[in-house]
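S.K.: Those protein sequences? They're chains A and B, same order as listed.
Position one of the first sequence corresponds to residue 33 (my numbering), numbered consecutively onward.
Position one of the second sequence corresponds to residue 56 (my numbering), numbered consecutively onward.
Have a look at the structure that comes next, please.
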Amino acid sequence: MTVSDATGLDVEAIREDFPILDRQIGGDVTAPGPDETDDTPLYYLDNAATSHTPRQVVEAMTEYYYEYNSNVHRGIHSLSQEASVAYEEAHDRVAAFVGADGREEIVFTKNTTEAFNLVAYTWGLTELEPGENVVTTQMEHHASLVTWQQLCEKQGAEVRYVEIDEDGHLDMDDLRSKVDDDTAMVSTVHVSNTLGTVNPVAEITEIAHEHDALSFVDGAQAVPTRPVDVGAIDADFYAFSGHKMLGPTGIGVLYGKERLLEALPPFLVGGAMIRRVEFEGATWEDLPWKFEAGTPPIAEAVGLTAAIDYLEEVGMAAIERHESELARYAYDRLAEFDDIEIYGPREERGGLVGFNLDSVHAHDLSSILDDHGVAVRAGDHCTQPLHDVLGVPASTRASFYLYNTREEIDELIDAVDTARQLFA
Amino acid sequence: MSGSDMYRQQILDHYKNPRNYGEMPDPDFSHVGENPSCGDTIKVDVKLADDDETIEEISFTGDGCAISQAAASLLTKKLPGKSIEELQAMDTDDITEMLGVEISPMRIKCAVLARQVAQDGAKLYRGELDEKERTITEE
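As structure tokens, then:
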């Protein structure tokens, strides 16, 4: 297996850039890192939780720490200027990557969850009125669902959940009936982290706008895996995380339309986000700095820039094709077995497959898969209400990225069979 | 610690054929608990001997992963004849020893659920614990 014919990715060459894919597992897990008792190759199929980090990203961050580590927007000295330029340009790089108009529209947060909270605490607490509603969906990640649920409770507003159909698609008729003239926000996940469903977020945004509501799209599973153009979607807010797209942990992105961000009050206040402070009051910095209080994730921004460079060099369209092909292959292999239930649609899905093996709890299955070197996510995937809809306490999810191969999916299928035999 | 090691014959046997499974008609105390990470639930019913101290009989009902259910089944075999003090003295190592396998760190909460439920149930019975509707095993 070298080049994946269908998609044109040189997977073998890509894998060379990810040293962690070479490590063995199976030994002592009470201390971090490999040890001499590790004896099983790693098949990493948990990319929807976090992706691995190529050398190029680690090296860019190392270079930052070794060569120009400094605080930003403060010093007049050379290191601070170099760090400031790199940090500011990271916003430009992200803006160009997702089709935003410029750095003013790109706020660095800790992660997607913080991006949701930022909007809830600024827009939500000042604009959302009692009697209004927020429309979101049954397939939201807790980052979105819990944020809107708690905000609505605080504001005396109503939260409405759009239902899913048998295949795991959004029921668009239900969405149209739930969005009304009292709707202030429509919040939809772009690609479901549990079902793999790709939602028609441009269409949903249009429906929101017809009712003068805002549209927030959760892109945590979309930006890493497919070309995304926030302008084409016309979303008012769009959020994603660096660590799911080959970047470091500790940095996420909130995209917001400039005129909206301009009108919002700050979220966290303190250093770096102010223009002028007196004992009696303060004024705020320009966008996006108004929303980035305190020392920001500078090394992480440098790492995220390198991650975007890497992804663009491989090509987002090629990555999307590769993911779709692997997801289809995994879906069809799992579907060969009557005792496996797969969640979400077969056609057009993100690069992940959630399933359950009859009579084996997802956590037992995951433990057995781990013994075979197969790393998957087992549990509720931060979508507990969706699991209630599916009628299961937990599911197992295999999720793929640009370095995964069909052979790794075959390993998954073999390991699932071991579990089947063990519990028979 | 590897997964399949965790699923040795004894665990699978107790998972597939749980011992002392079912509700007890007239228990001295009952208690329920859950492990939210796996969605495991366990309820134990306990009958004490006339000394109000020795565990005479214990049964359980529940739902969840193999580790949690097998641990509950094994516990109901181990406890009869033991005193409540002995139950309260049981720690995680005793559970691991009873299971006969090492439990990976992420699964300890499953393994100790039944013990925790029994211990909290006994404390509630003796008024040593403030009213607690259910036991939850968390980090």
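Built from N, CA and C at the ideal position, the CB exists for glycine as well.
Going along chain A in order, which residues have a C-beta closer than 8 Å to the C-beta of Arg162 (chain B)?
M.R.: Looking up residue 162 (chain B) in the second sequence gives position 107. By Cβ distance, chain A contributes His395, Ser399.
S.K.: From the DSSP output, read off the bridge partner residues of His393 (chain A).
M.R.: The count along the first sequence starts at 1 and reaches residue 393 (chain A) at position 361. His393 (chain A) pairs with nothing; no bridge assigned.
S.K.: For the region 307-327 of chain A against the region 107-115 of chain A, do three or more pairs of beta-carbon atoms, one drawn from each stretch, fall closer than 8 Å, so that the two count as touching?
M.R.: Touching, no.
S.K.: On the CB-based measure, 16 or more other CB atoms within 10 Å of its CB, does Ser458 (chain A) come out buried or exposed?
M.R.: For chain A, the structure presents residues 33 to 456; residue 458 (chain A) sits outside this window and is missing.
S.K.: The alpha helix (DSSP H) spanning Gly176 (chain B) covers which residue range?
M.R.: As a working note, residue 176 (chain B) is residue 121 in the second sequence. Per DSSP, Gly176 (chain B) belongs to the alpha helix (DSSP H) from 163-180.
S.K.: Measure the CB-CB distance between Val260 (chain A) and Ala254 (chain A) and report whether it falls below 9 Å.
M.R.: Working through the first sequence from its first residue, we reach residue 260 (chain A) at position 228. Working through the first sequence from its first residue, we reach residue 254 (chain A) at position 222. Yes, they are a contact pair.
S.K.: Should Lys98 (chain B) go down as buried or exposed, given a rule of 16 or more other Cβ atoms within 10 Å for buried?
M.R.: As a first step, residue 98 (chain B) is located in the second sequence; it is residue number 43 there, counting from the start. Buried: at least 16 other Cβ atoms inside 10 Å.
S.K.: So with Cβ pairs under 9 Å, would you call Pro425 (chain A) a contact of chain B?
M.R.: Start at 1 with the first residue of the first sequence, and residue 425 (chain A) comes out as number 393. Cβ-Cβ to chain B under 9 Å: yes for Pro425 (chain A).
S.K.: Does any residue of chain B have a CB that is nearer than 9 Å to the CB of Leu160 (chain A)?
M.R.: Numbered from its first residue, the first sequence carries residue 160 (chain A) at position 128. Not an interface residue.
S.K.: Give the range of the alpha helix (DSSP H) segment to which Met217 (chain A) is assigned.
M.R.: As a position in the first sequence, residue 217 (chain A) is number 185, starting the count at 1. No alpha helix (DSSP H) holds Met217 (chain A); the beta strand (DSSP E) holding it covers 215-221.
S.K.: Closer than 9 Å by beta-carbon distance: list the chain B residues that pair up with Gly411 (chain A), in chain order.
M.R.: Taking the first residue of the first sequence as position 1, residue 411 (chain A) is located at position 379. In chain order: Ser92, Cys93, Gly94.
S.K.: Looking at the structure shown, is Glu183 (chain B) part of a helix, part of a strand, or coil, going by DSSP?
M.R.: Sequence index remark: in the second sequence, residue 183 (chain B) carries index 128 (1-based). Residue state, collapsed to three classes: coil.
S.K.: On the premise that Asp70 (chain A) lies in contact with Ile57 (chain A), defined as a C-beta separation below 8 Å, what is that separation, rounded to the nearest angstrom?
M.R.: Residue mapping note: residue 57 (chain A) aligns to position 25 of the first sequence, counting from 1. Residue mapping note: residue 70 (chain A) aligns to position 38 of the first sequence, counting from 1. Contact holds; Cβ gap of about 5 Å.
S.K.: So is Leu41 (chain A) buried or exposed if we call it buried at 16+ other beta carbons inside 10 Å?
M.R.: Here the question's residue 41 (chain A) lines up with position 9 in the first sequence. Counting Cβ neighbours within 10 Å, Leu41 (chain A) comes out buried, since at least 16 surround it.
S.K.: Using the Cα positions of Pro135 (chain B) and His419 (chain A), report the straight-line distance between them to the nearest angstrom.
M.R.: Translated into the one-based positions of the second sequence, residue 135 (chain B) becomes position 80. Translated into the one-based positions of the first sequence, residue 419 (chain A) becomes position 387. Between Pro135 (chain B) and His419 (chain A), the C-alpha separation is close to 38 Å.
S.K.: Out of A:Phe269, A:Ile445, A:Tyr270, A:Ala331, point me to the one whose CA is closest to Tyr98 (chain A)'s CA.
M.R.: The count along the first sequence starts at 1 and reaches residue 98 (chain A) at position 66. Per the Cα distances, A:Ala331.
S.K.: In angstroms, rounded to a whole number, what distance separates the CA positions of Thr158 (chain A) and Leu300 (chain A)?
M.R.: Residue numbering aside, residue 158 (chain A) sits at position 126 when the first sequence is read from its first letter. Residue numbering aside, residue 300 (chain A) sits at position 268 when the first sequence is read from its first letter. So the two alpha carbons sit approximately 15 Å from each other.
S.K.: What does a CB cutoff of less than 8 Å around Val346 (chain A) pick up in its chain, not counting 5 residues either side in sequence?
M.R.: The count along the first sequence starts at 1 and reaches residue 346 (chain A) at position 314. Only Leu41, Ile46, Leu434 meet the Cβ criterion.
S.K.: Could you tell me how far apart the beta carbons of His86 (chain B) and Thr190 (chain B) are, in whole angstroms, since I believe they sit closer than 8 Å?
M.R.: In the second sequence, counting from the first residue as 1, residue 86 (chain B) sits at position 31. In the second sequence, counting from the first residue as 1, residue 190 (chain B) sits at position 135. That pair is a contact at about 7 Å.
S.K.: Taking just the CA atoms, how far does Arg125 (chain A) sit from Leu336 (chain A)?
M.R.: The residue labelled residue 336 (chain A) in the question sits at position 304 within the first sequence. The residue labelled residue 125 (chain A) in the question sits at position 93 within the first sequence. Answer to the nearest angstrom: the Cα atoms are 9 Å apart.
S.K.: Are the CB atoms of Phe432 (chain A) and Ile445 (chain A) nearer to each other than 9 Å?
M.R.: To locate residue 432 (chain A), count along the first sequence from 1; it is residue 400. To locate residue 445 (chain A), count along the first sequence from 1; it is residue 413. Contact flag unset, no.
S.K.: With 16 other CB atoms within 10 Å as the buried threshold, where does Pro298 (chain A) fall?
M.R.: Start at 1 with the first residue of the first sequence, and residue 298 (chain A) comes out as number 266. That one is buried.
S.K.: What are the start and end residues of the beta strand (DSSP E) that includes Val191 (chain A)?
M.R.: Walking along the first sequence from the start, residue 191 (chain A) turns up at place 159. First-last of the beta strand (DSSP E) with Val191 (chain A): 190-194.
S.K.: Looking at chain A, is there any beta carbon in it that lies within less than 9 Å of the beta carbon of Ala121 (chain B)?
M.R.: Position 66 of the second sequence holds residue 121 (chain B). Yes, Ala121 (chain B) counts as interfacial toward chain A.
S.K.: To the nearest angstrom, how far is the alpha carbon of Thr220 (chain A) from that of Arg170 (chain B)?
M.R.: Translated into positions along the first sequence, residue 220 (chain A) becomes position 188. Translated into positions along the second sequence, residue 170 (chain B) becomes position 115. Cα-Cα distance, rounded: 42 Å.
S.K.: Under 8 Å between beta-carbons, which chain B residues line up against Phe387 (chain A)? List them in chain order, please.
M.R.: Position 355 of the first sequence, counted from the start, is the residue given in the question as residue 387 (chain A). Going along chain B, no residue has its Cβ under 8 Å from Phe387 (chain A), so there is no contact; the nearest lies around 16 Å.
S.K.: Any contact of the region 179-192 of chain A with the region 147-158 of chain A, i.e. 3+ C-beta pairs under 8 Å?
M.R.: Taking 8 Å as the limit for Cβ pairs, the verdict is that the region 147-158 of chain A does touch the region 179-192 of chain A.
S.K.: To the nearest angstrom, how far is the alpha carbon of Leu401 (chain A) from that of Phe455 (chain A)?
M.R.: Sequence index remark: in the first sequence, residue 401 (chain A) carries index 369 (1-based). Sequence index remark: in the first sequence, residue 455 (chain A) carries index 423 (1-based). For Leu401 (chain A) and Phe455 (chain A), the distance between alpha carbons rounds to 13 Å.
S.K.: Using 8 Å for Cβ pairs, my map puts Asp100 (chain B) next to Tyr180 (chain B). What's the rounded Cβ distance?
M.R.: Looking up residue 100 (chain B) in the second sequence gives position 45. Looking up residue 180 (chain B) in the second sequence gives position 125. At roughly 12 Å, the Cβ-Cβ gap does not stay under 8 Å, so Asp100 (chain B) and Tyr180 (chain B) are not in contact.
S.K.: Name, please, each residue of chain B whose Cβ falls closer than 8 Å to the Cβ of Thr220 (chain A).
M.R.: Walking along the first sequence from the start, residue 220 (chain A) turns up at place 188. Neighbours of Thr220 (chain A) on chain B: none; closest Cβ ~27 Å, over 8 Å.
S.K.: Against Met61 (chain B), what residues of chain A qualify as contacts under a CB-to-CB distance less than 9 Å, listed in chain order?
M.R.: As a first step, residue 61 (chain B) is located in the second sequence; it is residue number 6 there, counting from the start. Near Met61 (chain B) (Cβ distances below 9 Å), the residues of chain A are Asp396, Ser399, Ile400, Asp403.
S.K.: Go ahead and pull the three-state DSSP assignment for Ile374 (chain A).
M.R.: Within the first sequence, numbered from 1, the residue matching residue 374 (chain A) stands at position 342. Note: Ile374 (chain A) maps to strand in three-state DSSP.
S.K.: In the DSSP assignment, find the alpha helix (DSSP H) that holds Gly94 (chain B) and state where it starts and stops.
M.R.: Numbered from 1 along the second sequence, position 39 holds the residue referred to as residue 94 (chain B). First-last for Gly94 (chain B): undefined, no H or E at that position.
S.K.: According to DSSP, what are the bridge partners of Ala254 (chain A)?
M.R.: Here residue 254 (chain A) refers to the residue found at position 222 when the first sequence is read from its first residue. For Ala254 (chain A), which the question treats as bridged, DSSP gives no partner whatsoever.
S.K.: Quick check on Val285 (chain A) - is its C-beta less than 9 Å from some C-beta in chain B?
M.R.: Residue numbering aside, residue 285 (chain A) sits at position 253 when the first sequence is read from its first letter. So, not an interface residue.
S.K.: Give me, in chain order, the residues of the same chain whose beta-carbon lies closer than 6 Å to that of His174 (chain A); leave out the 5 immediate sequence neighbours on both sides.
M.R.: Walking along the first sequence from the start, residue 174 (chain A) turns up at place 142. Correct list, in chain order: Cys414.
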